[in-house]
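Chemist: In our numbering, the protein residues as written are 2 to 253.
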């Protein structure tokens, strides 16, 4: 049955459904206008949310994946609506610096309830509300590159070219440093306990690891390399013109 001609929108009834609770047409339209994601939010591929340490409400915007702009340290999330408890939400840092999360009993990060953990740019981070006020955060995948720098690497001739890659899943990170020799008679040598990589991009919380060194073909050695925050000490190798691959895993 059609409403009488001339009826205003607030006189036309609406049956509440889904996330719309209004009982008349005008209020339902107002609700939709308030809850919709704007065109500028959708333009980047995911709805955009500005970072905030305590009031970043990832549940207020429709969709299960959001892009987070800005940087800082997340220490709390607003309460999750009861209807969304247990439903995975994905957040992806868009800022080049990423952002950090401080773990707690109500904000569990990759199984940890303490410590502060970096979430780098483009990381795929899953958040599940385990109740309206407690959350489980899991790093599904993150990766990046950097230019490694050595302290006390013995050089003979032209310095080598250095490239670094890292791959993160949960709190486990795999690092790989490729040392490409300058060629000719140019050599490098590493002294155990003295030579170290001084700028590892993710800080380790576990201070020992097996570090493997190869010359791109043959395994040179595997030893217990000491990790000190953003530093790693590889096993020794004598002066050689061959390049090197240095690999290790760490818990951050």
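All C-beta atoms, glycine included, are put in the ideal place defined by N, C-alpha and C.
(1) For residue 162, list the residues DSSP reports as bridge partners.
(2) Please check the pair residue 204 and residue 231, which I expect to be a contact at CB under 8 Å, by giving their CB distance rounded to whole angstroms.
(3) For the beta strand (DSSP E) that contains residue 127, what are its first and last residues?
(4) So if DSSP puts residue 120 in a beta bridge, which residue, or which two residues, is it bridged to?
(5) Under a Cβ-count criterion, where at least 16 other Cβ atoms within 10 Å of its own Cβ denotes burial, should residue 78 be classed as buried or exposed?
(6) What's the C-alpha gap between residue 132 and residue 54?
(7) From residue 173 to residue 143, what distance separates their C-alpha atoms?
(8) So, for residue 145: in the same chain, excluding its five sequence neighbours on each side, which residues have a beta-carbon less than 7 Å away from its beta-carbon?
(9) Could you have a look at residue 258 and say whether DSSP puts it in helix, strand or coil?
(10) Does residue 101 pass the burial test, meaning 16 or more other C-beta atoms within 10 Å, or should it be called exposed?
(11) Compute the Euclidean distance between the alpha carbons of residue 83 and residue 60, then round it to the nearest angstrom.
(12) Classify residue 161 as buried or exposed, calling it buried when 16 or more other Cβ atoms lie within 10 Å of its own Cβ.
(13) Quick one: is residue 99 buried, meaning 16 or more other Cβ sit within 10 Å of its Cβ, or exposed?
(14) Which residue or residues does DSSP assign as beta-bridge partners of residue 94?
(15) Using the beta-carbon count (16 or more within 10 Å), is residue 189 buried or exposed?
(16) Would you identify the three-state DSSP class for residue 146, choosing helix, strand or coil?
(17) Tell me which residue opens and which closes the beta strand (DSSP E) that residue 291 is part of.
(18) Applying the 10 Å Cβ sphere with the 16-neighbour rule, what's the burial state of residue 49?
(19) Run through the DSSP bridge pairs and tell me what residue 138 is partnered with.
(20) Please classify residue 63: is it buried, with 16 or more other beta-carbons within 10 angstroms of its beta-carbon, or exposed?
(21) Just how far apart, CA to CA, sit residue 103 and residue 245?
Modeler: Here's the rundown:
(1) Paired residues: 181.
(2) The beta-carbon separation of residue 204 and residue 231, rounded to 5 Å, stays under the 8 Å limit for a contact.
(3) Note, residue 127: beta strand (DSSP E), 125-130.
(4) Answer by DSSP bridge pairing, in chain order: 100.
(5) With 16 or more Cβ atoms within 10 Å of its Cβ, residue 78 is classed as buried.
(6) Rounded to the nearest angstrom, the gap between the Cα atoms of residue 132 and residue 54 is 20 Å.
(7) Approximately 11 Å, taken between the alpha carbons.
(8) Cβ within range, chain order: 121, 167 and 202.
(9) What is shown of the chain runs 2 to 253, which leaves residue 258 out entirely.
(10) Only buried fits residue 101, as 16 or more other CB atoms lie within 10 angstroms of its CB.
(11) Between residue 83 and residue 60, the C-alpha separation is close to 11 Å.
(12) It counts as buried.
(13) The residue in question, residue 99, is buried, as its Cβ has 16 or more Cβ neighbours within 10 Å.
(14) For residue 94, which the question treats as bridged, DSSP gives the partners 69.
(15) With 16 or more other Cβ atoms inside 10 Å of its own Cβ, residue 189 counts as buried.
(16) DSSP places residue 146 in strand when its eight states are reduced to three.
(17) This structure cannot settle anything about residue 291, because the visible part of the chain is limited to 2 through 253.
(18) Only buried fits residue 49, as 16 or more other CB atoms lie within 10 angstroms of its CB.
(19) Paired residue(s): 110 and 128.
(20) In this structure residue 63 is exposed. Its beta-carbon is surrounded by fewer than 16 other beta-carbon atoms within 10 angstroms.
(21) Cα to Cα, residue 103 sits roughly 36 Å from residue 245.
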